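Okay, so here's the structure we're looking at.
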Amino acid sequence: MNPDRLISFRGVSVDFDSRTALEDVSVLLDQRRIAVIGSNGSGKSTFARLLNGLASASDGEVRVHGIDPLRQGRLLRRRVGFIFSNPDSQIVMPTVAEDIAFSLRGRGLSRTEIDERVSRMIDTYGLADHADGPAHSLSGGQKQLLALSSVLVSEPELIVADEPTALLDAANTRRISNHLLDDMHQQLVLVTHDLGLARRCDVALRFDHGRLVACGDPDTVIADYERSHA
Amino acid sequence: MISVYRSGTSILHRLPPGLKLIGFIGTSLVIAVTTTHLLEVVAAATFVMTGYAAAGLGARALTSQILAVKWVIVFMLVPQLLFLSALDAVSNTARVVLILVLAALFTMTTRIPDLLDAAERAASPLRRVGIRPESVALLLGLSITSIPVIAGFAATVRDAQRARGISAHRVTFAVPLLIMSLKHADDLADAVNARGIES
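Residue numbers (this note's numbering), protein chains in the order written: chain A, 3 to 232; chain B, 4 to 202.
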């Protein structure tokens, strides 16, 4: 196991009011690309949100690259980037460049360093023509590229993407998924209903009614999942 | 009504945002309090136009900002024309429009991160009473960003109601708008937290 990439869950449960979203999940992961699949309400998103402290475990222990999300939440969120399915709800600042730069606030970087990093992201993800334009006027695909840029600019070690292509057309799905699965060097946890994307990962986890029911080779896990819905 | 930053190197772009904000507030107060005669309105309008010229923004940007507040002009001017003299109605409306156009000039020449830094510095004395200046600056930034989003929600609610043949009503319009706005606020809080920024 690679300790720099180790994600460990030991007997983790998450309760929301009277509902159990996740039940007794134990798993060790160090792969580069991790797919998370399952039906709606199966616990996939809760699993993902635990990884950067957006949700807290009611029971059990979570460690992400050796960090405890409960006690070191701020440190963890600086090392773990999160991409949501709705690109609109991720835009925090009015213009594209300002939104990317926002991720670097409070990190003690000089203005020159911030501008350089933002320019690099804008060029890499083809947003140069929109740099000073209103972020909310971008297309859905461009907004998701902006979300990706805003996450990558802070150079996280792990990226958690919760259905990042759910609202995108085929061309933008291909573009975003290629960036996530092929171009990046960071570890990726990809929550998805797109089984084609899940197949491209190194390992797949399947959740069902809050329980982790399978973890292993993506082809095997996906075949089993498809059989259960046939 | 709140315009986005237009890059440039003019003197207005280069002024420190805190100083610019103080200047904007001061000028707005002067316009609000002193411009009661036509000549003073003309002088204030000339000042604002000079500001646009100095920022290298030109007549087109100025015109688009005036057009952006056209409904403010209509709603202010028409009722006043019924009760006041034409001169008073025009000068009252012009005062408000000039301040709005001046506010747009401020946002068009000031990057939001610079504005947030200035707001954070200005709010630093509040730390003594337990208020975090970072939160004040964040609140300001999110408020500015949320205006077009809420406007988009309003359009969505109107379209959804028209599609179902529901006539316009304050309650049937306000309730879904409020729910969408609260959901957006939740999502935005998650997005801010996920980026490692303490809110």
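A virtual CB, placed ideally from N, CA and C, is assigned to each residue, including glycine. What you are looking at is a predicted structure, and each value in this text was computed from that prediction instead of being measured.
Chain B contact for residue i (CB, 7 Å cutoff)
i      : result
M186/A : no
A1/A   : An answer regarding residue 1/A cannot be provided, because it is not within the stretch 3 to 232 covered by chain A.
E118/A : no
M261/A : Missing from the structure shown is residue 261/A; chain A here goes from 3 to 232 and no further.
S10/A  : no
R79/A  : yes
S91/A  : yes
D131/A : no
F84/A  : yes
L160/A : no
I67/A  : Correcting the residue type first, residue 67/A is His in the shown sequence and not Ile. Answer no: the Cβ-Cβ gap between H67/A and chain B never drops below 7 Å.
I134/A : In the sequence as presented, Ile is not what sits at residue 134/A; that position holds Asp. At least one chain B Cβ lies under 7 Å of D134/A.
E100/A : yes
H138/A : yes
R107/A : yes
L56/A  : yes
Three-state class that DSSP yields for residue i in the structure shown
i      : result
A23/A  : strand
I182/B : helix
P166/A : coil
D61/A  : strand
L22/B  : helix
S10/B  : coil
Y227/A : helix
T113/B : coil
P82/B  : helix
R12/A  : strand
M4/B   : Any reading at M4/B needs caution, since the residue's pLDDT is 45, under 50, leaving its predicted position unreliable; the model's value is listed next. Three-state result, M4/B: coil.
S148/B : Reading the sequence as shown, one finds Thr at residue 148/B and not Ser. Helix, per DSSP.
S67/B  : helix
T205/B : Lying before the first or after the last residue shown, residue 205/B is absent from chain B, which here runs from 4 to 202.
P96/A  : coil
V75/B  : helix
H187/B : helix
G128/A : coil
A173/A : helix
R202/A : coil
Minimum Cβ-Cβ distance from residue i to chain A less than 7 Å
i      : result
D162/B : no
G11/B  : no
R17/B  : no
T148/B : yes
A197/B : yes
P136/B : no
I14/B  : no
D91/B  : no
Y8/B   : yes
P151/B : yes
I76/B  : no
A194/B : yes
Contact under 7 Å by Cβ, residue i with residue j
i      : j      : result
P166/A : I85/A  : yes
R109/A : E63/A  : no
T48/A  : L24/A  : yes
V191/A : V215/A : no
A126/B : P136/B : yes
M2/B   : T96/B  : Nothing about residue 2/B can be read from this structure; chain B reaches only from 4 to 202.
G233/A : F209/A : Nothing can be reported for residue 233/A, as the shown portion of chain A is limited to 3 through 232.
C203/A : R73/A  : no
L15/B  : T110/B : no
V155/A : I102/A : yes
A157/B : L180/B : yes
G199/B : R80/A  : yes
S15/A  : D70/A  : no
P220/A : A232/A : no
F176/B : V195/B : no
Q189/A : L150/A : no
V82/A  : L53/A  : yes
Y8/B   : D134/A : yes
A140/B : L108/B : no
I116/A : L106/A : yes
One or two residues paired with residue i in a DSSP bridge
i      : result
C217/A : L207/A
D17/A  : T22/A
V193/A : V38/A, D164/A
L60/B  : In DSSP, L60/B forms no bridge with anything.
G83/A  : I161/A
V66/A  : I9/A, I69/A
V160/B : Its beta-bridge partners do not exist; DSSP assigns none.
L30/A  : S10/A
P136/A : T97/A
Contacts of residue i in chain D (Cβ-Cβ under 7 Å)
i     : result
G21/B : No chain D appears in the structure shown, which is made up of the protein chains A and B.
- Can you find at least 3 beta carbon pairs, one from the stretch 130–148 of chain A and one from the stretch 92–109 of chain A, that sit closer than 8 Å? yes
contact_flag[the stretch 33–46 of chain B, the stretch 131–147 of chain B] where n(CB pairs < 8 Å) is 3 or more:
no
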